[in-house]
Structure formats: structure tokens, C-alpha cells
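Asker: Numbering (the numbering used here), first residue to last: 3 to 539.
Every residue gets a Cβ at the ideal spot worked out from N, C-alpha and C, and that includes glycine.
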């Protein structure tokens, strides 16, 4: 280290200048030099501090009316000018010291494995935001490669950072699609091992860039581990090229972008996907048969006729979770009993089918309940639980839940320890408030003291009685008979609770209640997942 120490100056072209203007860690000899620079800078700062205090005393002395008025002593303005120069020197030296100190930061020496883990967590958070916005992320993980050569090496050598390819053509600027996205996607593919493809076509965007992109992705179909696809007519012919090539695909989601997209007889390119265990299909406009290895599935979600669901339940012995949306037919009572030994979590849009099901492993069930439903839910559910002899612990009611019917269900099925109420209709808020009131502990009655967790979610604008909600939680939390440990209130939109209510809820949290409160579109998305909806896209 032959370089001379020059306070507050980084000599251009030296290793010292290069080091402080990079994010590279110094070697041992460089660290010794930097430490000496910091020590000498501290000495200079200490001298400046002494000079500053001396000048301040002199200025204060000049304010004394008995001070000497001869012309040989410096004036107050002269002393102030010197004080200002010292302040500038101190600022320059402090910045110089800070930049030297930064080169010794442990962040520059962080092990590559730890950096990789931090990058993964950062990108996973960014990926969730990108999925919710439906936009290709132009920042992460690219920005990680710009910090330093070491960060760049770690980021590029971590394939999982680059695995997500999100392309929503309805949200992109048409002019940028062919010019920018294609090379960015190619770079992601080159740096990843497995690919998570989220591809949503659009009628409003030129079809050519969409087919070009899907053709590029299809050349690497063997790397696909996850596919969420929004189908438009122009890409349907390209799907045939995927047949027999999706050997790594584990999760699949299909949706149709407009009724015109569903003018096809079937989708059969996924039948030989030998790793596929999770399938979700949103048939919004009509039912399109889709083939896949049913016997491998551990989870499925489908909008379709009851006949199709019945066949799936019989042919998928490994199912653990199912979301059954019965549509596109007039459902009629079915005398044939379906016994499934492994199914643990079930959402079903028509509780009427419960008499056809025997599910001895079922732990959680969710229903859609409408205001005009003419069904005896307490009787249906109690009969189902008795017949199945299942360990039912979680009940979710979505739509327009009825307070009186719910109380009866909780009385007839005392094994339920987790209750989830989802308001999906604006007019249902009165029933939501009635449920809150019914669950409030009073001197004369305690409904379902065994409930450990209470989740309330609102997918529509709602008017929750927050004061009553606080009183309900407080009464169950304080009651010696109740077992409440956790609660959540998630709303998409609507008024916020008042200050006093917020303080009361915060106090419960401080006392140990596991309480989650959230508002906004993301809260609405989280509520949707409560009813066993797909969570990864």
C-alpha cells in the first residue's frame, strides 16, 4: 500500500477510489489501510471539534458588553466565517469517513449461500406482487446483477430466481411486446432450470407477438413445472405441440379469455403430463372437456357438470383437496354413494350433493350458500358427518350465510373448531353482523365455546359493525369457557373501524390473541383462498 493518505480525497484511478465506488469487499491489506484512513480521519474530526468549540466560546465572549473593542482582535463576522469553514470541513470529512467505513461492511462479505437465500425471499415477494398486478417484472431479479460483480455471479447462478415467466398481454403496451419482452424472456429461460409459466392471451393485442412468445416457451416445455394459461383462439393450435413433452409439469391452471375462446371441442395435450398433481380449470362460458392424468391428482378445481365431478372423485384415489363448482347442468339428486378415503379438504357449490358423499378423512369443508337456498344445512351437514365419521374441524360458509342456520350447525357438529365466514354479496352484511352478535358471549348463552379460530372475510364492499366485532372477540377471549386463540377480519372495501375500536383490537393482540386485520384488493384475494381456491396464481 504505497498510496499517500489525503483526507477527504479519493484519487481518481487508484484502487482506493475504485473500492469505495464499488460493492466489492476489500482484501486483508486493503482493510488495514482503510482502518488507518478511518483512524486518521477521526483524529482530524476531533481537532476540528476542538477548534469549533474554541470559536464558539470566542463568539459568545464577543457578545459580552465588557469585551475588548480593540481593532487587533477578530470580529464576530470573521469568527463566524471560520466557524462556517470548519462546518464544511467536518461535513466533508464525515462523508469521507462514512464511505471508507462502508467498504468494511459485513454485507460485502456475506456468504454466497446467505445472499442467495435473501435474493430468493426478495424475489418471491416481488413475484407475488407481479402475479397480483399481472405485469412482467422489469426490475427483479435484474437489479441484483447491477450491484456488484459478486452479486451478479450469485444471482445468475441461482436458477430459481429466474424461473417465473409472467406474460399478461392484456396489461402490456402493445408496441413493447416484440421489441423488449422476447429477449428478456430468453434470458430468463437461459438462467433457469425449471420454469413457472403464467401466460394470459388477449383479444385486444396483436396475435403475432403472442404466438411468437408461446412458440419460444414451447421449445422449453420439458422445463415447465407450473403453467397458468389464459387461452385465446389464436394459441389453441399451438397447444397440440405440448403433447408428450410436459414431463416436469406439476401444477396447471386453465382459464378462457372470452366466450370466443371456448369454441373448441376439447383440450387433450396434458393427458401424458406424468408429474401433474394439481389441476384447476375455470370454464366461465361453457364446459370444455380437458384430459389429464386423473389418477395422479392430489388437488383439483373445476367448473363443470356434477357427472364430471362424480367421475373425477371415483378416478382420483389420491385426492387430498377438491374445489367442486357444479355448473352447466340441472343437478338432480343422485342415489349412488361416492366413498373417498383420502379427501381432507372440500369446497362444494351445492350442499345438496352431501348425501351422495362419504368422506372419512375430511377435516375441512366449505360451501356456497345463497339467500334463496331452500336447504336444511344443519341437517345435511350433521347427517354427512355422522355417516362419514370424519374428523371435521373446519367449516367455511361463502356467499350469503344465515346466522340462525349457522348456530344450529355449530350446535349439531361440535367438532368444528375453526369457523370461516365469507360475505360475497353486498346485501349480506346484516347477516354477517347477526352472526357476530350470535357468537358474542352473554350471561345466558355461549355458542360453540370450542371454536379456536374465527375468520371473517368480505369480498364485496361491506359495513361490518366493528364495535360489535370487538365485543364478540373480547367476550370470547375473556371467557373461561371459550378456547379462542386466533381471529382474522379481511375486507376488500368499506369503512374502517374507528380509533377506539382499533385500540381495543390492538389491546387484544398485545394480550396474545393471534389477530389479523387487513383491507384492500389483496385482502380480497386472500379471502378467496380461504374457500380452498387455487393460491399459486
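Can you name, in chain order, every residue of its own chain whose Cβ lies under 7 Å from the Cβ of residue 177, other than the five neighbours on each side?
Answerer: Only weak support is given to the placement of residue 177: the predicted model assigns it a pLDDT of 46, under 50, and the question is left unresolved by the model.
Asker: Please list, in chain order, all residues of the same chain as residue 40 whose beta carbon is under 7 Å from its beta carbon, the five residues on each side excluded.
Answerer: Cβ within range, chain order: 99, 102, 103.
Asker: According to DSSP, which residues form a beta bridge with residue 521?
Answerer: Looking at the DSSP assignment, residue 521 forms a beta bridge with 493.
Asker: Checking the sheet assignment: what are the DSSP bridge partners for residue 326?
Answerer: Looking at the DSSP assignment, residue 326 forms a beta bridge with 304, 350.
Asker: Applying the criterion that 16 or more other CB atoms from any shown protein chain within 10 Å of the CB defines a buried residue, is residue 268 buried or exposed?
Answerer: Exposed: under 16 other Cβ atoms inside 10 Å.
Asker: Just tell me which of 258, 254, 378, 219 has its CA closest to the CA of residue 243.
Answerer: Taking only the C-alpha atoms, the option nearest residue 243 is 219.
Asker: DSSP puts residue 226 in a beta bridge; with which residues?
Answerer: For residue 226, which the question treats as bridged, DSSP gives the partners 197.
Asker: Residue 513 lies in the alpha helix (DSSP H); which residues open and close that run?
Answerer: Residue 513 -> alpha helix (DSSP H) spans 501–513.
Asker: Which residue comes first and which comes last in the alpha helix (DSSP H) that contains residue 556?
Answerer: Not covered by the structure: residue 556. The range shown for the chain is 3 to 539.
Asker: Among residues of its own chain, excluding the 5 on either side of residue 573, which ones have a beta-carbon nearer than 8 Å to its beta-carbon?
Answerer: Residue 573 is absent from the model: the chain starts at 3 and stops at 539.
Asker: Do residue 367 and residue 397 have their beta-carbon atoms positioned less than 8 Å apart in this structure?
Answerer: The answer is yes: Cβ separation under 8 Å.
Asker: Starting from residue 167 and walking both ways along the beta strand (DSSP E), at which residues does that stretch end?
Answerer: 166–170 is the span of the beta strand (DSSP E), which, as asked, contains residue 167.
Asker: Check whether the Cβ atoms of residue 57 and residue 78 sit closer than 8 Å, and answer yes or no.
Answerer: Taking 8 Å as the Cβ cut-off, residue 57 and residue 78 do not qualify as a contacting pair.
Asker: Closer than 6 Å by C-beta to residue 6: which residues in its own chain qualify, once you throw out the five before and the five after it? Chain order, please.
Answerer: Since pLDDT at residue 6 reaches only 38, below the 50 mark, its modelled position is unreliable, and the value read off the structure follows with that caveat. Cβ within range, chain order: n/a, list empty.
Asker: Taking only runs that begin and end inside the stretch 396–461, name each unbroken beta strand (DSSP E) of 3 or more residues, in chain order.
Answerer: If we require 3 residues or more, the beta strand (DSSP E) runs fully inside the stretch 396–461 come out as 396–401, 420–425, 455–460.
Asker: Tell me, which residues are paired with residue 368 by DSSP?
Answerer: DSSP output for residue 368 lists 349, 398 as bridge partner(s).
Asker: Who pairs with residue 281 in a beta bridge, going by DSSP?
Answerer: DSSP, once it has assigned bridges, lists 254, 302 as partnering residue 281.
Asker: Determine contact between the stretch 456–468 and the stretch 494–514, defined as no fewer than three beta-carbon pairs at a distance below 8 Å.
Answerer: Contact between the stretch 456–468 and the stretch 494–514 is present, because at least three Cβ pairs lie under 8 Å.
Asker: Round the Cβ separation of residue 169 and residue 184 to the nearest angstrom and send it over; I've been treating them as touching at under 8 Å.
Answerer: Residue 169 to residue 184, Cβ: 10 Å. No contact.
Asker: Answer yes or no: do residue 234 and residue 203 have a C-beta to C-beta separation smaller than 8 Å?
Answerer: Contact: yes.
Asker: What three-state label does DSSP hand residue 313 in the structure shown?
Answerer: Residue state, collapsed to three classes: helix.
Asker: Looking at the strands, I want to know which residues DSSP matches up with residue 341.
Answerer: Per DSSP, 360.
Asker: Tell me the DSSP secondary structure of residue 7 in three-state form.
Answerer: Low local confidence applies: a pLDDT of 42 at residue 7 is under 50, so the model's placement there is unreliable, with the coordinate-based value given in what follows. Coil, per DSSP.
Asker: Residues in its own chain within less than 7 Å of residue 224 by CB, not counting five upstream and five downstream?
Answerer: 247, 249, 250, listed in sequence order.
Asker: Pull the bridge partners of residue 249 from the DSSP assignment, please.
Answerer: Note: residue 249 sits in no beta bridge, so no partner.
Asker: Output the distance between the C-alpha atoms of residue 81 and residue 150, rounded to the nearest integer angstrom.
Answerer: Going from the Cα of residue 81 to the Cα of residue 150 covers about 46 Å.
Asker: Pull up the distance between the alpha-carbon of residue 144 and that of residue 538, whole angstroms please.
Answerer: When rounded, the distance between both Cα atoms is 23 Å.
Asker: Just to confirm, is the Cβ distance from residue 328 to residue 353 under 8 Å?
Answerer: The answer is no: Cβ separation not under 8 Å.
Asker: Look at the alpha carbon of residue 312 and the alpha carbon of residue 340, and state the distance between them as a whole number of angstroms.
Answerer: Going by the C-alpha atoms only, they are around 8 Å apart.
Asker: Does the Cβ of residue 29 have 16 or more other Cβ atoms within 10 Å, making it buried, or fewer, making it exposed?
Answerer: When all chains shown are included, residue 29 counts as exposed.
Asker: Excluding five sequence neighbours on each side, which residues of the same chain lie with their C-beta closer than 8 Å to the C-beta of residue 515?
Answerer: For residue 515, where only same-chain residues beyond five positions count, the Cβ hits under 8 Å are 475, 479, 486, 487, 488, 489.
Asker: Alpha helix (DSSP H) containing residue 1: first to last residue?
Answerer: Absent from the model: residue 1. The displayed extent of the chain is 3 to 539, so no value can be given.
Asker: What's the gap between the Cα of residue 450 and the Cα of residue 310?
Answerer: Each residue's alpha carbon lies about 37 Å from the other.
Asker: From the DSSP secondary-structure annotation, give me the bridge partner or partners of residue 516.
Answerer: In the DSSP output, where bridge partners are listed per residue, residue 516 has 488.
Asker: On the criterion of 16 or more Cβ atoms from any shown chain inside 10 Å, does residue 324 qualify as buried, or is it exposed?
Answerer: Its Cβ being crowded by 16 or more others within 10 Å, residue 324 is buried.
Asker: Cα-Cα, which of 160, 392, 426, 522 is closest to residue 402?
Answerer: Nearest of 160, 392, 426, 522 to residue 402, Cα basis: 426.
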